[in-house]
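Be aware that the sequence shown starts at 21, since it is given in the numbering used here, and climbs by one per residue. We put the beta carbon where it would ideally sit given N, CA and C, even for glycine. Notes for the one structure printed next.
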Amino acid sequence: MKKLDDNSLKVFSIVVVVILIFQSVLIVYSIIKIYGLENQDRLNLESLGNLNISINQRIDDSELTVQNQITSVEKDILDTRTNLIKEVGIIKAKSSSDFSNIIETSKKSVVTIKTDVSQGTGFIISNDGYVITNAHVLYDGSYANAITSDQETKKMKLIGYNDTMDLALLKIDGSYDYFEFEDSDNIRVGEKVIAIGNPLGLSFSVSEGIVSAIDRVGNNGINGYIQTDASLNPGNSGGPLINTNGKVIGINNFKANAENIGFALESNYIIETINSIAIKKLNSTVIN
């Protein structure tokens, strides 16, 4: 009986130990489970936070993109409107032979040039007031003033000149509308042209004509002159000859003894000569 009790005691002890071990395992498992859930919750919260930040960033980026697109569209619309207004003016001029809009705009970029011995015409070729004219307009003068379209008198500074091409580059202070140049290779015989100048001392007179011929030889032996039937008289020298787009195709230079035969130096020669003067005197070009 005593032996049985000893065996029973051993069995009971083993059972108790097993139960204790099992309970310990359960406790450890529970702790691990709870810790894991807390970490998982923390990870989930961090993930949700990161997702929220990402969503907000994408919303901000989308709003910025949309705003940039709106700004771009508004600029395109404004540019298109401006171009359409110009094109409508050109179409009207070409279709009706009414150049009033072009002339009104172009006259703002033309100046009367007065020296103490003569008078001529010049035209503005840059926003900051560079002016070109014929060199002979300035001959023997001790000073030169420019009278703008709004009747302001400006002192002129001579930058440089080229006797052979009969061109001079000058400068006046201020900000101005200015002429752009047409590629003279695109000039066609028969196209309409407008000469703006100050003939016989009459300020800002306009005459209309056509291109009668191109590549005529001038007094300097260069075959770079446009022949036109637009009226050119003393005082027109140095003024622009423009096409129906309002761009300069030549500078009015001289006329023959016969009526309705005038000559203007072609625009490509003007650009080359004036930029050559500017590079020597200013270390940069003035006509793009």
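Is the Cβ of Ser162 closer than 8 angstroms to any Cβ of chain C? The chain labelled as chain C is not found in the depicted structure, where only one protein chain is given.
Taking buried to mean at least 16 other C-beta atoms within 10 Å of its own C-beta, is Ala276 buried or exposed? Position 256 of the sequence shown, counted from the start, is the residue given in the question as residue 276. So Ala276 ends up on the exposed side.
Hey, which unbroken runs of the alpha helix (DSSP H) at 4 residues or more fall wholly within the segment 150 to 203? none
Nearest by alpha-carbon distance to Ile171: which of Ile214, Ser129 and Leu302 is it? Reading the sequence shown from its first residue, position 151 is the one you call residue 171. For clarity, residue 171 is Gln in the given sequence; the question names Ile instead. Per the Cα distances, Ser129.
Go ahead and label Ile271 buried or exposed: buried means 16 or more other beta carbons lie within 10 angstroms of its beta carbon, across all protein chains shown. Numbered from 1 along the sequence shown, position 251 holds the residue referred to as residue 271. That one is buried.
Give a yes or no on whether the C-beta atoms belonging to Asp205 and Asn154 are separated by under 8 angstroms. Taking the first residue of the sequence shown as position 1, residue 205 is located at position 185. Taking the first residue of the sequence shown as position 1, residue 154 is located at position 134. Contact: no.
Just to confirm the assignment, what range does the beta strand (DSSP E) spanning Lys134 have? Here residue 134 refers to the residue found at position 114 of the sequence shown. Start and end: Val130 to Thr135.
Which whole-angstrom value describes the C-beta separation of Ile167 and Thr132, a residue pair presumed to lie in contact below a C-beta threshold of 8 angstroms? Residue mapping note: residue 167 aligns to position 147 of the sequence shown, counting from 1. Residue mapping note: residue 132 aligns to position 112 of the sequence shown, counting from 1. So it is a contact: roughly 4 angstroms between Cβ atoms.
Can the beta-carbon of Thr293 be found closer than 8 angstroms to that of Asn182? Stepping through the sequence shown from its first residue, residue 293 is reached at position 273. Stepping through the sequence shown from its first residue, residue 182 is reached at position 162. Going by C-beta atoms, Thr293 is nearer than 8 angstroms to Asn182.
CB-CB length for Val268 against Ser251, believed under 8 angstroms: For the purposes of this step, residue 268 is identified with residue 248 of the sequence shown, where counting begins at 1. For the purposes of this step, residue 251 is identified with residue 231 of the sequence shown, where counting begins at 1. No, Val268 and Ser251 are not in contact; Cβ-Cβ is about 18 angstroms, not under 8 angstroms.
Any idea which residues DSSP pairs Leu285 with across the strands? By 1-based counting over the sequence shown, the position of residue 285 is 265. According to DSSP, which records beta bridges pairwise, Leu285 is partnered with Tyr245 and Ile271.
Thinking just about the alpha-carbon of each residue, which of Gly194, Ile281 and Thr305 is nearest to the one in Gly238? As a first step, residue 238 must be located in the sequence shown, where it is residue number 218. With distances taken between Cα atoms, Gly238 lies closest to Ile281.
Tell me whether Thr248 is buried or exposed, calling it buried when 16 or more other Cβ atoms sit within 10 Å of its Cβ. Residue numbering aside, residue 248 sits at position 228 when the sequence shown is read from its first letter. Buried, since its Cβ has 16 or more Cβ neighbours within 10 Å.
With a cut-off of 8 angstroms on the beta carbons, I'd call Val213 and Gly229 a contact; round off their distance for me. As a position in the sequence shown, residue 213 is number 193, starting the count at 1. As a position in the sequence shown, residue 229 is number 209, starting the count at 1. Indeed, because the Cβ distance is near 6 angstroms, the residues count as touching under 8 angstroms.
Measuring CA to CA, which of Asp235, Ile90, Ser304 and Glu211 is closest to Phe283? Within the sequence shown, residue 283 is the residue found at index 263, counting from 1. Measuring from the Cα of Phe283, the nearest candidate turns out to be Asp235.
Count the other C-beta atoms from every protein chain shown that fall within 10 angstroms of the C-beta of Asn263, then say buried if there are 16 or more, exposed otherwise. Taking the sequence shown and counting its residues from 1, the one referred to as residue 263 is at position 243. Buried: at least 16 other Cβ atoms inside 10 Å.
Kindly indicate which three-state DSSP category Leu252 falls into: helix, strand or coil? Within the sequence shown, numbered from 1, the residue matching residue 252 stands at position 232. If DSSP states are grouped into helix, strand and coil, Leu252 belongs with coil.
Inter-residue spacing [alpha-carbon to alpha-carbon] between Ser4 and Ser169: Outside the displayed range of the chain (21 to 308) lies residue 4, so it cannot be described from this structure.
Would you give the residue range spanned by the beta strand (DSSP E) that Ser257 belongs to? Looking up residue 257 in the sequence shown gives position 237. Premise fails: Ser257 is in no beta strand (DSSP E) and is neither H nor E.
Would you tell me roughly how many angstroms separate the C-alpha atoms of Gly255 and Lys127, rounded to the nearest one? Taking the first residue of the sequence shown as 1, we reach residue 255 at position 235. Taking the first residue of the sequence shown as 1, we reach residue 127 at position 107. For Gly255 and Lys127, the distance between alpha carbons rounds to 15 angstroms.
By the three-class DSSP mapping on this structure, what secondary structure does Thr305 have? To locate residue 305, count along the sequence shown from 1; it is residue 285. Three-state result, Thr305: coil.
Helix, strand or coil for Ala215 per DSSP? Translated into positions along the sequence shown, residue 215 becomes position 195. Of the three classes helix, strand and coil, the one that applies to Ala215 here is strand, per DSSP.
Just list the residues that DSSP pairs Arg236 with in beta bridges. Numbered from 1 along the sequence shown, position 216 holds the residue referred to as residue 236. In the DSSP output, where bridge partners are listed per residue, Arg236 has Tyr245.
Pull the bridge partners of Gly140 from the DSSP assignment, please. Residue 140 sits at position 120 when you count from the first residue of the sequence shown. In DSSP, Gly140 forms a bridge with Ile133.
Would you mind working out which of Gly140, Leu84 and Tyr150 sits nearest Gly180, comparing C-alpha positions? The residue labelled residue 180 in the question sits at position 160 within the sequence shown. Checking every option, the nearest Cα to that of Gly180 belongs to Tyr150.
Would a C-beta distance cut-off of 8 angstroms place Gly194 and Lys175 closer than the cut-off? Counting from 1 along the sequence shown, the entry for residue 194 is found at position 174. Counting from 1 along the sequence shown, the entry for residue 175 is found at position 155. No, these two residues do not count as a Cβ contact at 8 angstroms.
Taking the C-alpha atoms as reference points, what is the distance between Leu178 and Gln139? Taking the sequence shown and counting its residues from 1, one reaches residue 178 at position 158. Taking the sequence shown and counting its residues from 1, one reaches residue 139 at position 119. About 16 angstroms.
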